[in-house]
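Using our numbering, read the sequence shown as starting at 87 and increasing by one per residue.
Virtual Cβ for every residue (Gly too), placed ideally from N, Cα, C.
Data first, discussion second: the structure below is written as structure tokens.
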Amino acid sequence: MLDESILRELRAVTEEEQAILDGRTTIDRSLYMRSQRNVVNNEKLLSDGKLITLRPSTRFIHFPEHTHDYVEVVYGCSGVVEHIVDGKSIRLKPGELLFLGRKAAHQVCRAGREDIAVNFIVLPEFFSETLSAIGQEATPLRQFLLDCLFHQSIGPSCLHFQVAEDKPIQNLAENLLITLLRDTPNRRKVSQMTMTLLFLQLLSHTDKLDWDDQEDAILKLLRYIEGHYVEASLTEAARLLCTDVYSLSRLIRSQTGKTFVQLVQEKRLTQAAFLLKNTSQNVDDVAQAVGYENISYFHRIFKAAFGCSPRQYRLAK
């Protein structure tokens, strides 16, 4: 929970908001856009040389549909702020995170005085270190970053994490907020490290990633693997996605460049690595816990993935 002094600071009415309260009925486009196109421009919001900044969401008015030429991460602080992304309503509550890519068609509904959210305005290159840190496993977050960094359009245009009850994530999001709100020494480096840690925490919360029934099939597949990697099967995945095995296999290959077996194996090995570092389970038990009955095979593929045996991985600093 944000400190009351920070909330009080964020609650203060800005000059833009005062103009709205005084009768302005439309947003001031000159604050956000360089042309008549409905694209919010990073140069309007970021000082020269900055890769990230923070600003409270504008209240008291409806912000009409637009896109961004940057990545926007929205963090709910108090009340509820309703966003409409690609025509779908997302009610952002305190402690929740909304990631918006450059292709997202975004509106923000009129908010009241106590409906407070902050927008992290982020240039894609800010995430370069984060991408290398989160590994090669095919996850919605990784695909989102790839889309942002390389102008792809494969993954989801937005990610809504309902993680209000997760204290480590709250602490990281709020530390990032405070770092940018205050004149913290080494602000860029601290922000990049905090954002990377935030992504690493979110990787294990695909189950808290909210999307509607029309979500991308690959996102559904990744959620299925996240929750069922021990016994996951292509046949069951196809049944859940209401398609056939052949069509799903082709879709997986075209969208991720990998096979279903490779995706499941990546998840199993990532989980095995976590168990080796964070539990006292012996190696054979770890192998079985992540879905491998053939222990010799587990040793072979683990070494191929990590460059060392499971035991060496556990002992490494």
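For PHE384, count the other beta carbons within 10 Å of its own beta carbon; 16 or more makes it buried, fewer makes it exposed. Which is it? Burial of PHE384 is indicated by the presence of at least 16 other C-beta atoms within 10 angstroms of its C-beta.
Can you tell me whether ASP114 is buried or exposed, with buried defined as 16 or more other CB within 10 angstroms of its CB? Burial state of ASP114 is exposed, judged by a 10 Å Cβ sphere holding fewer than 16 other Cβ atoms.
Residue range of the unbroken alpha helix (DSSP H) whose run includes PHE384: Counted as a single uninterrupted DSSP element, the alpha helix (DSSP H) harbouring PHE384 occupies residues 381–392.
Using C-beta distances below 7 Å, list every residue in its chain close to ALA29, excluding the 5 sequence neighbours before and after it, in chain order. Since the displayed the chain opens at 87 and closes at 403, residue 29 lies outside it and no answer follows.
Extent of the continuous beta strand (DSSP E) run through TYR399: Under the DSSP assignment, TYR399 falls outside any beta strand (DSSP E), being part of the alpha helix (DSSP H) whose first and last residues are 396–401.
CA-CA distance, GLN287 and ALA358? Computed Cα separation, rounded: 17 Å.
3-residue-minimum beta strand (DSSP E) runs that sit fully inside the region 200–268, ordered along the chain: If one requires a minimum length of 3 residues, the beta strand (DSSP E) runs lying completely within the region 200–268 are 202–208 and 244–247, in chain order.
HIS154 beta carbon less than 8 Å from that of ARG404: Not covered by the structure: residue 404. The range shown for the chain is 87 to 403.
Could you tell me whether the Cβ atoms of LEU267 and THR139 are closer together than 8 Å? No, Cβ-Cβ distance for LEU267 and THR139 is not below 8 Å.
With a CB to CB cut of under 8 Å and the five nearest residues on each side skipped, what residues in its chain are close to LEU326? Result list for LEU326: LYS306 and TYR310, in chain order.
Just to confirm the assignment: which complete alpha helix (DSSP H) runs, minimum length 4, are found wholly within the region 97–144? Counting only runs of 4 or more, we get 101–107 and 128–131.
Please report how far the alpha carbon of GLU151 lies from the alpha carbon of LEU235, in whole angstroms. Going from the Cα of GLU151 to the Cα of LEU235 covers about 23 Å.
Under 8 Å between the Cβ atoms of PHE185 and PHE230? A Cβ-Cβ contact shorter than 8 Å links PHE185 with PHE230.
Go to TYR315, then tell me how far its beta strand (DSSP E) extends in each direction, as first and last residue. Note, TYR315: premise wrong, no beta strand (DSSP E); not H, not E.
Going by alpha carbons, who is nearest to LEU245 out of ARG120, THR225 and ASN261? Looking at the Cα atoms, THR225 is the closest of the given residues.
Less than 7 Å between C-beta atoms, sequence neighbours within five positions excluded: which residues of the same chain meet that for GLY96? According to the sequence provided, residue 96 is Leu. The question's Gly does not apply to it. When the five nearest sequence neighbours on each side are left out, the beta carbons in the same chain lying within less than 7 Å of the beta carbon of LEU96 are those of PRO142, CYS163, ILE202 and VAL204, in order along the chain.
Which runs of the beta strand (DSSP E), 3 residues or longer, sit entirely within the region 288–376? Qualifying beta strand (DSSP E) stretches: none in this window.
Is the Cβ-Cβ distance between LEU320 and VAL331 less than 8 Å? Yes, these two residues count as a Cβ contact at 8 Å.
Return the Cβ separation of LYS389 and SER395 in integer angstroms, given the expectation that the two are a contact with Cβ distance under 8 Å. LYS389 to SER395, Cβ: 6 Å. Contact.
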